[in-house]
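In this note's numbering, the protein residues as written are 100 to 357.
Now the structure itself:
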């Protein structure tokens, strides 16, 4: 499967997800659903790698993407000021997306997957809730929380369908992307709950920036090493390194076939 075919498949699933959650009023007053192509790539990676793939599995992959959108919508609501109309509708959007993904799974009579996702949602929500408690956490606790937030839903999908072998690579890349996003936010003078937690622990924004840069460098080396130890095609490795992980580092090391 070449780069254009990979792009086309991701775009096709992205369109299906956006169509499933389309609602005129929510689109008018909110930012709309967040459907990240990087996550879609990893949800579809077993398909790209020529594993057995059915309509049921693809529907579940779309559903997981909608769950991510629902959780992201709730994250956009500011907690420290009186809720505006946009914020109120953003909460509604998250609830609306939640209803859609349960409806999709129920229509497919996939109760077992609903149970898996419900458990994953609880775990992610617990980790996110800790970001608001104002406590100072150790670095390894922050890292563990970020990893679980970024990967728990994907992990539940992989384990349900027997695709666990992709989790180490997906976990590295998704956390790499998250840390890259946090670094970009910090460098443009922005603030996020993760940056606030890191600043509290590391005691200065400059220390946080240095830590994020070092973390990205370490993760990228791990990604290169791990990718080379997977029996993925050259096209898949090349796409992942150049299209999915292009944040702070360039994929200067050539991927090897096979």
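Beta carbons: idealized from backbone N, C-alpha and C, even for Gly.
Endpoints, alpha helix (DSSP H) assigned at residue i
i, result
"residue 314", "304-327"
"residue 339", "Per DSSP, residue 339 belongs to no alpha helix (DSSP H) and is neither H nor E."
"residue 263", "Here residue 263 belongs to no alpha helix (DSSP H), and DSSP marks it neither H nor E."
"residue 144", "136-147"
"residue 228", "210-229"
"residue 100", "No alpha helix (DSSP H) contains residue 100, which DSSP labels as neither H nor E."
"residue 299", "292-301"
Residue from the options whose Cα sits closest to the Cα of residue i
i, options, result
"residue 298", "235, 333, 225, 253", "235"
"residue 143", "260, 223, 241", "260"
"residue 218", "319, 269, 163", "163"
"residue 292", "106, 335, 230, 157", "230"
"residue 166", "287, 212, 328, 106", "212"
"residue 216", "302, 228, 256, 242", "256"
"residue 168", "155, 341, 113", "113"
"residue 294", "119, 238, 333", "238"
"residue 336", "118, 301, 140", "140"
"residue 252", "233, 264, 241, 221", "221"
Contacts around residue i, its chain only, beta-carbon distance under 7 Å, and the 5 residues preceding and following it disregarded
i, result
"residue 331", "148"
"residue 115", "161"
"residue 322", "271, 272, 275, 344"
"residue 179", "Per-residue confidence for residue 179 stands at a pLDDT of 43, beneath the threshold of 50, marking its modelled position as unreliable; no derived number is given."
"residue 85", "No information on residue 85 is available, as it lies outside the stretch 100 to 357 that the chain covers here."
"residue 301", "307, 310"
"residue 304", "285, 298"
Cut-off 6 Å between Cβ atoms - residues of its own chain near residue i, not counting five sequence neighbours on either side
i, result
"residue 110", "none"
"residue 102", "338"
Same chain only: Cβ atoms within 8 Å of residue i, ignoring 5 sequence neighbours per side
i, result
"residue 278", "245, 311, 314, 315, 318"
"residue 250", "266, 269, 270, 273, 274"
"residue 334", "100, 101, 102, 105"
"residue 326", "268, 336, 339, 340, 354"
Margin query: Whether or not the region 270-280 and the region 239-255 are in contact is what I'm after, with contact meaning three or more pairs of Cβ atoms, one per stretch, closer than 8 Å; do they touch?
Written below: Because the criterion of three Cβ pairs below 8 Å is met, the region 239-255 and the region 270-280 touch.
Notebook entry, point to check: So, do the region 278-286 and the region 302-316 have three or more beta carbon pairs nearer to each other than 8 Å?
Noted result: Contact annotation: the region 278-286 touches the region 302-316, with at least three C-beta pairs closer than 8 Å.
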